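What follows is one structure encoded as structure tokens, with my remarks underneath.
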Amino acid sequence: MLARRMRRLLLPLALVAPLGAWAETDPDSGLVIDEGWETVKSTCTACHSGALVTQNAGSRNRWEYLIRWMQETQGLWPLPPEMENTILDYLAKHYGPKEGARRPPLPPSMMPENPYKAAKQDSGG
């Protein structure tokens, strides 16, 4: 009887909850616990919060670009190729591009007139 009641309560929840909601996460960093997460945690959270990782999303190329940017401008040390590949694999898998997370751009016909465009033309620039 109790099992039947539990199924009745949990089935609707299972149907509406996103699949990723069931992934186990590290309570300290918020990172999804999966292969490579400890490398990501120890490397990334040495400089910033895990939330900076979990709130972002991007392709493997985008994450690689961010690593290069951090190396060039933020003092991130050179990463051994195997470690970098582990980090990129993990980030691309768990924090890859989000489908449908943003609305499509507005068509130009729906955009308001740009007041700065007219001011720039009037000033001869």
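The sequence shown maps to residues -23 to -1, 1 to 102 in mature numbering (1 follows the signal peptide of the UniProt record, and there is no 0).
Cβ atoms here follow ideal geometry from the backbone N, Cα and C, with glycine treated the same way.
Small disclaimer: the values here were computed from a predicted structure and weren't measured.
Assumed close pair residue i, residue j - CB separation to whole angstroms, cut-off 8 Å
i, j, result
"ALA69", "ARG37", "4 Å"
Proximity below 8 Å, CB of residue i to CB of residue j
i, j, result
"CYS24", "VAL30", "no"
"LEU8", "GLY35", "no"
"THR16", "THR63", "yes"
"TRP14", "TYR72", "no"
"MET47", "LEU56", "no"
"GLU61", "ILE44", "yes"
"GLU41", "LEU65", "yes"
Beta carbon proximity, residue i to chain C, threshold 8 Å
i, result
"LEU65", "Note that chain C does not occur in the displayed structure, where there is just one protein chain."
Complete alpha helix (DSSP H) runs within the region 12 to 58 (minimum length 4 residues, chain order): The qualifying runs are 14 to 21, 27 to 31, 37 to 50.
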